[in-house]
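Input: a single structure, listed below in C-alpha cells.
Residue numbers (the working numbering), protein chains in the order written: chain A, 629 to 861; chain B, 629 to 861.
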C-alpha cells in the first residue's frame, strides 16, 4: 500500500525559470543594472545537472546546491558584463533559488494529496533552501528530504533508498512524483513507484526533453491536481 | 540574529505520558486485557534514556527509536502479565509513540513562533515517527530534524551541529527549546542559544528533575506561548 509521495521540486513543484527571470529583472531595476536576464537564467539553469554531476562523479567534494549555484554564477557573470557585482549582490541572486513560485496546480494538488499520503520533498536542493521555499510558497510538506541530508545528489541511489529508510517504508510503498524521466528511472531502479507530470515550459524555449512520459510509469498525470484525482483524493 | 528554533519533542512539545496511558487503556479495552497501564507506561518511559545511552556509548549498533521502544517493551511485558501479546499488539503499542497529544499551549505557541523563525524538531524520535506525530497533532514544523538523519542521539554533539549545518546557520543563530536541562547544556556547548520551558508533570508522580531552569539559559518561559511573547511574535 502506498504510504508516502516524494516530490522532485525544481521544475516539478516550482517554476524556477519564470520566478528567477522575474526576480532578476527586479534585481536589475533595484541595482540599476541591465543584462539579458532571461538568457542568464537559462544559462544558469543549464549548469544545474553538469555541476551536480561533478560532485556525483567525485570530481568535486560534497558541495551543497547554494555553493554550486554560486560557483556557476561566478563563471557566467563576465559573459553578461556583470563581473563587478558585489558579494552581497551575488548572494542575493543565489538566494533567489530559495524563493520560487509554485505552478498554478501545486498548492491545491499537494493539499489534496496530503490528505491521503505523507508528502515530502526529494530534491537536490538543500534543507534550508527547501524550508525557505516551503514558507514562501506555502508548500504543505510533512517532511523535507534533501540532498544534503544524504550528501548525495539524485540520481544516486543513496538519495532514494535513504528517503525510504527515513520514511520507514519499503521502497515499493513510496512513489516519486517528477517532471523528469531520468529521475523516475533512477527511482524505479530502487524499487519506488513512479508518477510523471509534464512541465513542458519548465526550460522555456530551450526545453529539449521531458515533454512527455518516456516509459510506462505507474501514473502519468496532467498536473498535481490530476494526480490527486487519479489517486482518489 | 536568531534564524531558527529547534525543539525537543517528547515532553517539551507533546505530553507523551498522558497520551500513552490513555491509549493503553483503550488498547486494553479493545483487546480485553487488564494491567496497571500507568505503571507500565512509567516504566517504559523510564527506559528511554538508558536505552539510547546504550547506542550512544557504542554498546548497541545504531538502532532507531521504534526498535528501542520495542526492545524495552518486550523486557517489561512479563512483569505486567502481558508476555502473551501478539506481534501486532506489540506493534500497536510501539506505534502509540507516533500519535501523542500536544500540551495545551503547543500548537498556538508554535504557530506564533513560526511567523518569525524557522521552526523544526530536534528529537531523538525518527523522521517517520515525527512526521506521523505532526500530522496527528497538527504541529506546523518547517522541517523535521531527527536522530535517524544524523544516526546519533542527543546529547551527542553531532545532532546539534548537524542541525545547524542543515539549517545553514551558525550555531549561535539557532536556539534549542527544551524542557530538559541536560539537552540545553549539550546544545549550549555546541554554541546554540537556549530556551527552557518547564513541563513539571511530564513524568507524573515519578518526575524527579527539570522542575525549573538549572542554569542561566537565554530564555526561560512558562510555556511556548510565553516564549513567543518574549521573542516578540
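For each residue, glycine too, the CB sits at the ideal point set by N, CA and C. Quantities reported herein were computed from a predicted structural model and do not represent experimental measurements.
Worksheet item: When the Cα of residue 837 (chain B) is compared with those of B:779, B:828, B:852, which residue comes out closest?
Response: B:828
Worksheet item: Taking Cβ positions only, does residue 677 (chain A) come closer than 8 Å to chain B?
Response: no
Worksheet item: In chain order, what residues of the same chain have a beta carbon less than 8 Å from the beta carbon of residue 735 (chain A), not counting five sequence neighbours either side?
Response: Contacts found: 765, 766, 767, 768.
Practice prompt. Rounded to whole angstroms, what's the CA-CA distance from residue 745 (chain B) to residue 737 (chain B)? Just pull it up for me.
Written response: 12 Å
Worksheet item: Roughly how many whole angstroms lie between the Cα atoms of residue 802 (chain A) and residue 710 (chain A)?
Response: 44 Å
Worksheet entry | Backbone CA spacing between residue 718 (chain A) and residue 759 (chain A) [nearest angstrom] | In this model, residue 718 (chain A) and residue 759 (chain A) are separated by some 21 Å (Cα to Cα).
Worksheet item: What does residue 862 (chain B) touch in chain A if you count any residue whose Cβ is under 7 Å from its own?
Response: Residue 862 (chain B) lies beyond the range of chain B shown here (629 to 861); nothing can be said about it.
Discussion item. Among B:816, B:800, B:692, whose alpha-carbon lies nearest the alpha-carbon of residue 631 (chain B)?
Written reply: Looking at the Cα atoms, B:800 is the closest of the given residues.
Practice prompt. May I ask you to verify whether the region 812-829 of chain A touches the region 784-791 of chain A, counting CB pairs closer than 8 Å and requiring at least 3?
Written response: yes
Practice prompt. Please list the residues of the region 762-791 of chain B that have a C-beta atom closer than 7 Å to any C-beta atom in chain A, keeping them in chain order.
Written response: 762, 763, 770, 771, 772, 776, 777
Worksheet item: Is residue 746 (chain A) close to chain B, meaning its C-beta is less than 8 Å from at least one C-beta of that chain?
Response: yes
Worksheet entry | Segment contact flag, the region 673-687 of chain A with the region 653-664 of chain A, C-beta cutoff 8 Å, min 3 pairs | no
Fill in: For residue 783 (chain B), three-class secondary structure by DSSP
coil
Worksheet item: For residue 817 (chain B), which residues does DSSP report across the bridge?
Response: Answer is none; residue 817 (chain B) lacks a bridge partner.
Worksheet item: How many whole angstroms separate the CB atoms of residue 773 (chain B) and residue 748 (chain B), which I take to be in contact at a CB cut-off of 8 Å?
Response: 5 Å
Fill in: the region 698-712 of chain B in contact with the region 664-678 of chain B per 3-pair CB rule at 8 Å
Between the region 698-712 of chain B and the region 664-678 of chain B there are three or more inter-stretch CB-CB distances shorter than 8 Å, so the stretches are counted as touching.
Discussion item. Which residue marks the beginning of the alpha helix (DSSP H) containing residue 629 (chain A), and which one marks its end?
Written reply: Taken as a continuous stretch (DSSP letters only), residue 629 (chain A) belongs to no alpha helix (DSSP H), as it is neither H nor E.
Practice prompt. Would you mind telling me which residues of chain B sit closer than 9 Å to residue 795 (chain A), beta carbon to beta carbon, in chain order?
Written response: 755, 756, 759
Worksheet item: Considering only the beta carbon of each residue, do residue 697 (chain B) and residue 665 (chain B) sit closer than 8 Å?
Response: no
Worksheet item: On the three-state DSSP scale, how would you describe residue 746 (chain B)?
Response: strand
Practice prompt. Starting from the Cα of residue 705 (chain B), find the closest Cα among B:740, B:652, B:755, B:754 and give me that residue.
Written response: Checking every option, the nearest Cα to that of residue 705 (chain B) belongs to B:652.
Fill in: residue 700 (chain B), enclosing alpha helix (DSSP H) - first and last residue
693-704
Worksheet item: Going by the beta-carbon positions, is the gap between residue 741 (chain B) and residue 841 (chain B) smaller than 8 Å?
Response: Taking C-beta atoms as the reference points, residue 741 (chain B) and residue 841 (chain B) fail to come closer than 8 Å.
Fill in: Pick from B:692, B:848, B:655, B:656 that is closest to residue 753 (chain B), judged by C-alpha positions
B:692
Practice prompt. Mind listing, in chain order, the continuous alpha helix (DSSP H) runs of no fewer than 4 residues lying wholly within the region 653-739 of chain A?
Written response: 665-674, 676-684, 693-704, 715-723
Worksheet entry | Residue of A:770, A:677, A:739, A:844 minimising C-alpha distance to residue 783 (chain A) | A:677
Worksheet item: Taking C-alpha atoms, which residue in B:819, B:835, B:755, B:843 lies nearest to residue 798 (chain B)?
Response: B:819
Practice prompt. Assuming residue 644 (chain A) and residue 638 (chain A) form a contact by the criterion Cβ under 8 Å, report the distance between their Cβ atoms to the nearest whole angstrom.
Written response: 5 Å
Worksheet item: residue 845 (chain A): which of A:679, A:793, A:825, A:713 sits nearest, CA to CA?
Response: A:825
Fill in: For residue 822 (chain A): DSSP bridge partner residues
Answer by DSSP bridge pairing, in chain order: A:804.
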